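Which chain is which? The protein sequence lines are A and B, in order.
Mapping the first sequence onto the working numbering, position 85 (from 1) lands on 85, and the numbers just tick up by one.
Each position in the second sequence, counted from 1, maps to that position plus 1000 in the working numbering.
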Amino acid sequence: MSKGNLTRRGVLKTGAVAGAGLALPTYLSAAGHEGFTNAPTGSTVTLGFNVPQSGPYADEGADELRAYELAVEHLNGEGDGGMLNTFSSKALDGTGILGKKVEYVTGDTQTKSDAARASAKSMIEKDGAIMITGGSSSGVAVAVQALCQEAGVIFMAGLTHSNDTTGKDKRANGFRHFFNSYMSGAALAPVLAANYGTDRKAYHLTADYNWGYTTEEAVRSSTEAMGWETVGSVLTPLTQTDFSSYITPVLQSDADVLVLNHYGGNMVNSLTNAVQFGLRDRVVNGKNFEIVVPLYSRLMAKGAGANVKGIFGSTNWHWSLQDEGSKAFVQSFGTKYGFPPSQAAHTCYVQALLYADAVQRAGSFAPCAVVEALEGFEFDGMGNGPTLYRAEDHQCFKDVLVVKGKENPTSEFDLLEVVEVTPVDQVTYAPDHPQFAGGALGTCNNGA
Amino acid sequence: MFGLDKKDASLLLIVTALVAFAPFLLNPFPEGSAMAQFNAGYPDLMQRFVIFGIFAIGFNILFGLTGYLSFGHAAFLGVGSYAAVWMFKLLSMNVLPAIILAVIVAGIFALIIGYVSLRRSGIYFSILTLAFAQMSFALAYSVLTPITGGETGLQLALDDPRIFGSATTAEGNIPVPGFFGLEMRDSTELVLGNWVFTFSVGYYFAAIIMLLSFYLSIRIFRSPFGMMLRAVKSNQQRLNYTGLNPRPYTLAAFVISGMYAGLAGGLMASMDPLAGAERMFWTASGEVVLMTILGGVGTLIGPVLGAGLIKYMENIISKINSDILHSWFAFLPDGLEDLVVTLIYPFIGKGWHLTLGIVFMLVVIFLPGGLVQGGQKIAGLFGRKKAQEPKNATTEPAE
Chain A
1 MSKGNLTRRG
11 VLKTGAVAGA
21 GLALPTYLSA
31 AGHEGFTNAP
41 TGSTVTLGFN
51 VPQSGPYADE
61 GADELRAYEL
71 AVEHLNGEGD
81 GGMLNTFSSK
91 ALDGTGILGK
101 KVEYVTGDTQ
111 TKSDAARASA
121 KSMIEKDGAI
131 MITGGSSSGV
141 AVAVQALCQE
151 AGVIFMAGLT
161 HSNDTTGKDK
171 RANGFRHFFN
181 SYMSGAALAP
191 VLAANYGTDR
201 KAYHLTADYN
211 WGYTTEEAVR
221 SSTEAMGWET
231 VGSVLTPLTQ
241 TDFSSYITPV
251 LQSDADVLVL
261 NHYGGNMVNS
271 LTNAVQFGLR
281 DRVVNGKNFE
291 IVVPLYSRLM
301 AKGAGANVKG
311 IFGSTNWHWS
321 LQDEGSKAFV
331 QSFGTKYGFP
341 PSQAAHTCYV
351 QALLYADAVQ
361 RAGSFAPCAV
371 VEALEGFEFD
381 GMGNGPTLYR
391 AEDHQCFKDV
401 LVVKGKENPT
411 SEFDLLEVVE
421 VTPVDQVTYA
431 PDHPQFAGGA
441 LGTCNNGA
Chain B
1001 MFGLDKKDAS
1011 LLLIVTALVA
1021 FAPFLLNPFP
1031 EGSAMAQFNA
1041 GYPDLMQRFV
1051 IFGIFAIGFN
1061 ILFGLTGYLS
1071 FGHAAFLGVG
1081 SYAAVWMFKL
1091 LSMNVLPAII
1101 LAVIVAGIFA
1111 LIIGYVSLRR
1121 SGIYFSILTL
1131 AFAQMSFALA
1141 YSVLTPITGG
1151 ETGLQLALDD
1161 PRIFGSATTA
1171 EGNIPVPGFF
1181 GLEMRDSTEL
1191 VLGNWVFTFS
1201 VGYYFAAIIM
1211 LLSFYLSIRI
1221 FRSPFGMMLR
1231 AVKSNQQRLN
1241 YTGLNPRPYT
1251 LAAFVISGMY
1261 AGLAGGLMAS
1271 MDPLAGAERM
1281 FWTASGEVVL
1291 MTILGGVGTL
1301 IGPVLGAGLI
1311 KYMENIISKI
1321 NSDILHSWFA
1331 FLPDGLEDLV
1341 VTLIYPFIGK
1351 GWHLTLGIVF
1361 MLVVIFLPGG
1371 LVQGGQKIAG
1381 LFGRKKAQEP
1391 KNATTEPAE
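If you want it as structure tokens, here you go:
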């Protein structure tokens, strides 16, 4: 800060004149441009990929980014086209979106709402992104979704499982392809009843934040509906790494099922602790003690290793599915990166394609046109069978997979086996279902 | 001018000029050029610069003057944000009541925490503040979910009451925070050739508040009260023996600096109406300590510079990915290009923390006085007259 030989009078004069000159136009004029935020003007269009690159979900973020890069390749007509060949809508032709080449910018959400919003804002304000997508946590998804609503761009949620994303925090500019807690509960309950009987006493360990609450509620109401009894429920801090002190009370209760409403590292640790305490060898009330993990991912199964064998859970998609869409996606992802994609990669890839397709069909990048094209859109060939983007809450309705930790894995990726594909009718709920009550979509926002 | 001596007045004017012309100064590279990556002149980041500037200025009043190192200052920032968002939910989208309440609530909160924590000094004080901040974080994250929104954060909703304003806009959306009709998100663009400069209402609003708080901090630094605080820093024992009780002074400084943090939190919520618990996490408290030390503890302008540097790195360096690196070094032969990219890669993108750490180490080792000392050294090299040392300085008594 050299202030050298500036005279007070000189500085004062320049400062005052310049300040006044600058402030005046700023305060008098309002924003008004092309009709919607970041309308693409040149020969390219920029998408913003906002994924966790550091923090607890960095692995998933990295996989999401790989999927997005693949999607951009396919949209621009490079590579083998992947799911574009199996997608039921044929609007996309491999020449970008509406003839504009797709470019992208990336950002790090750090799995923090603030950082995610800062990153999304810089993509919108600095890089001119027309759509933001990604994320691996419901808190972040909800925060970024609200931001996109305000800014007038489309948000295509990545991995977010909490009911709130399309429940009480839903927004007109936001869309979710991933399934949710309610669907997990509804899909799991019949399988659990078939395997473990209808006369069970469940004990819940729940991560102490929104996703944990909604997941516990969902699993609880579905299992209680078929006759189970919930004997205990304990909240565990998200930062907990050792769950021993939470497992001991389970041993003392007369519960015969433990439900771990944990995700990521939490689930890896709690499951490992539970197995170490010999829960799986226990016999209570004359029945074998069982453990259930409502939301599974391959990356978690990898972390928990042999402990996942035989444990039930639900998942949005799995690479071993044999439909044409899944095969095409696994094929092109595997060719490019050398290993199969995770469910996070799948949902992100599909979201990118769905957005591009909606723009193409709408013939415009304007968010309201895209919203209209996506609402009530029915499609197939994306790996989950026939799927509906419901207009009332912008949630995708499709089959849900119930999976089980594989007893004899053949490779480090082959950790889960699909037990049942729960048909979509069984996981469909009314838009005003109590678990999704409150909140309103509002109207779509085109921004400035 | 304004009751400042010549030196301080010119410092204030320089800062005013820098802040007023920030949209130009921060956008030196034309749009579309390879260097445009380093442009920082977009509203969100500029707002962050001044808001964290306020936060750091306030922190410096406590740390720089009294030497009490609070490790829980982010708690006040978080409390301020929550207060502001609640005002948006209940009262109206005008930022004025929100910011006022944010400052008041943060002040009360600081009074309670300060009253307890200031019974100890040194490391014990730091640990106490850290404990309180982590407690607030844990409360906000889960226990108080109905008030704070928990992990998802506190957000506006369409069905909020907003008794003094409309709950929804004509189009059926959530209204945007504004200052008597001036919407914070509004901006206007000036296109000069290849350069695009964005002037945002929110930025200038925050900037004016920042200048006011900067002015206030100069007055505090130069006041008899500031003198007392420095006395606490230099030798508290001696102060005790002269029959003065330092606690009211330190408590006042603690509350003032807490209110600054609350102001920053309220502004943050005004620019982006959301309050999340991670704003209170201990890393956020650590960040403001870094900002202050990086810029120069106990100097007037230092904390603002430190805040700017850290926010710049967080938002600009972290956005550079390997594709961008490859495009920069595309002119090199293939093998060499890959080598250079591999060497630089750990320091960009998610590796920005590493870069920040290195910068921090270099500053602490070679410039213990922070960036301000660096500036003085450079000025000393080129200055005609013998560098008349501490320019913005503060560690010595003001007559």
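For every residue, glycine included, the Cβ atom is placed at its ideal position computed from N, Cα and C.
As the structure is a prediction and not an experimental result, all values here were calculated from the model.
- Only exposed fits B:Ala1170, as fewer than 16 other CB atoms lie within 10 angstroms of its CB.
- Contact annotation: A:Asn195 and A:Thr241 have beta-carbon atoms that are not nearer than 9 Å.
- In terms of beta-carbon proximity, B:Ile1174 lines the interface with chain A, with at least one pair separated by less than 9 Å.
- Listed along chain B, the residues sitting closer than 9 Å to A:Ser122 by beta-carbon distance are Tyr1042, Asp1044, Leu1045, Asn1315, Ile1316, Lys1319.
- Classified as exposed, B:Arg1238 has fewer than 16 neighbouring CB atoms from the shown chains inside 10 Å of its CB.
- Chain-ordered, the chain A residues with CB closer than 8 Å to the CB of B:Glu1171 read Thr443, Asn445.
- Of all residues in the segment 204 to 227 of chain A, those with a C-beta nearer than 7 Å to a C-beta of chain B are Asp208, Tyr209, Asn210, reading in chain order.
- When secondary structure is reduced to three states using DSSP, A:Trp317 falls in the coil class, being assigned neither helix nor strand.
- Per the coordinates, the alpha-carbon of A:Phe436 lies some 17 Å from the alpha-carbon of A:Gln145.
- Listed along the chain, the chain A residues whose CB falls inside 8 Å of the CB of B:Tyr1141 are Asp208, Tyr209, Leu238.
- Legend: CB atoms of the segment 1154 to 1170 of chain B lying less than 8 Å from CB atoms of chain A belong to residues Gln1155, Leu1156, Ala1157, Leu1158, Asp1159, Thr1168.
- Residue-level contact check: B:Gly1262 does not touch chain A, since none of the beta carbons of chain A fall below 9 Å from its beta carbon.
- In this model, B:Gly1351 and B:Tyr1345 are separated by some 8 Å (Cα to Cα).
- A:Ala67 places its beta carbon 9 Å or farther from that of A:Ala328.
- For the segment 1124 to 1197 of chain B, the continuous alpha helix (DSSP H) assignments of 4+ residues that do not extend past its boundaries occur at 1145 to 1148, in sequence order.
- When the beta-carbon positions are compared, B:Val1116 and B:Leu1101 stay at least 9 Å from each other.
- Distance from A:Ala344 to A:Gly158 at the Cβ level is roughly 7 Å; contact confirmed, criterion being Cβ atoms closer than 8 Å.
- Leaving aside the five residues that flank B:Val1105 on each side, the residues in its chain whose CB is nearer than 7 Å to its CB run, in chain order, Val1079, Gly1080, Ala1083, Gly1262.
- At a cut-off of 9 Å between beta carbons, A:Asp114 contacts chain B.
- Each residue's CA atom was taken as its position, placing A:Tyr355 and A:Val72 some 12 Å apart.
- For B:Asn1027, there is no enclosing alpha helix (DSSP H), as DSSP marks it with neither H nor E.
- Contact annotation, B:Met1093 with B:Pro1177: C-beta distance approximately 5 Å; criterion of less than 8 Å satisfied.
- Here A:Asn163 is actually not in contact with A:Ala116; their C-beta atoms are around 20 Å apart, not less than 8 Å.
- In this structure the segment 315 to 324 of chain A touches the segment 370 to 390 of chain A; the number of beta carbon pairs closer than 8 Å is three or more.
- A direct Cα-Cα distance of roughly 26 Å separates A:Ser122 from A:His74.
- Cβ contact annotation for B:Gly1149 (same chain, cutoff 7 Å, sequence separation greater than five): Gln1155, in chain order.
- Remark: fewer than three beta-carbon pairs, one from each stretch, lie closer than 8 Å, so the segment 404 to 416 of chain A and the segment 368 to 377 of chain A are not flagged as touching.
- A:Val102 and A:Gln360 have their alpha carbons spaced roughly 13 Å apart.
- Secondary structure of B:Asp1323 (DSSP, three-state): helix.
- For B:Glu1278, the neighbours in chain A by C-beta distance under 7 Å run, in chain order, Lys112, Ser113, Asp114.
- Restricted to the segment 257 to 286 of chain A, the beta strand (DSSP E) segments that are unbroken, complete and at least 3 residues in length are 257 to 261, listed in chain order.
- Three or more Cβ pairs closer than 8 Å define a contact, and the segment 85 to 94 of chain A falls short of that threshold against the segment 32 to 49 of chain A.
- Using a Cβ-Cβ cut-off of 8 Å, A:Arg117 is close to Asp1272, Leu1274 of chain B, given in chain order.
- For B:Ser1257, the closest C-alpha among the options B:Gly1067, B:Ser1010, B:Val1359, B:Asn1039 is that of B:Gly1067.
- At a cut-off of 9 Å between beta carbons, B:Asn1039 contacts chain A.
- For the pair A:Thr109 and A:Val51, the CB atoms are nearer than the 9 Å cut-off.
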